[in-house]
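Here is the structure we will look at.
In our numbering, the protein residues as written are 15 to 213.
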């Protein structure tokens, strides 16, 4: 037997003969340890469904309370037109109602004409001074006479206003009379537009 051979050492007191259990660092847990029991670690389905329904009800109530409220109502009360060498000049009288406790301010007024063949034409309202001139120059338009309905017009809270706007379209009187629809679009500052239709 060689002299430098070390004889086996008996285990010290307190040491066990089997290998110690592995110790994992918190950030390096094996996936087998993390995901081996999914059916036991997921929450029960009934509380999850109840929570989802409760959230949906809360969102629906908030959406209903904060929905866009109408600020103006109205209707087209009269339409008068006159032929002008193949074009048609149109005066549209409308009654509009401010239904809120806040002054409304008109940004612009447009009119869309849809002819019988489906073509669409849009015109911006003539300035209020020009509209008065057109009404006086073309007597048939006086049928729709009222105060001017024009941009920058302010309508006081909880009041009604009847106004007239004048437009021109590149169609003859016959095509205008056979129209499919006439749509008055009143754009407001900081509010949704008011759209009035006249078939």
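Glycine is no exception: its CB is placed at the ideal position from the N, C-alpha and C atoms.
Since this is a predicted model, take the numbers as computed values, not measurements.
- By the C-beta criterion, the segment 126-134 is judged not to be in contact with the segment 164-175, since fewer than 3 inter-stretch pairs fall below 8 angstroms.
- A straight line joining the alpha-carbon of residue 96 with that of residue 102 spans about 6 angstroms.
- Taking C-alpha positions only, residue 138 is separated from residue 116 by approximately 26 angstroms.
- Its chain contains 177 as the residues whose beta carbon lies nearer than 6 angstroms to that of residue 161, once the 5 sequence neighbours on both sides are disregarded; these appear in chain order.
- Judged by pairs of C-beta atoms under 8 angstroms, the segment 162-169 does not touch the segment 61-78, as fewer than three such pairs exist.
- With contacts defined by Cβ atoms closer than 9 angstroms, residue 114 and residue 210 do not form a contacting pair.
- The continuous alpha helix (DSSP H) containing residue 190 extends over residues 187-191.
- Rounded to the nearest angstrom, the Cβ distance from residue 118 to residue 202 is 6 angstroms, consistent with a contact under 8 angstroms.
- Beta-carbon to beta-carbon, residue 110 and residue 88 are separated by about 4 angstroms, close enough to satisfy the 8 angstroms threshold.
- The three-state secondary structure of residue 100, taken from DSSP, is coil.
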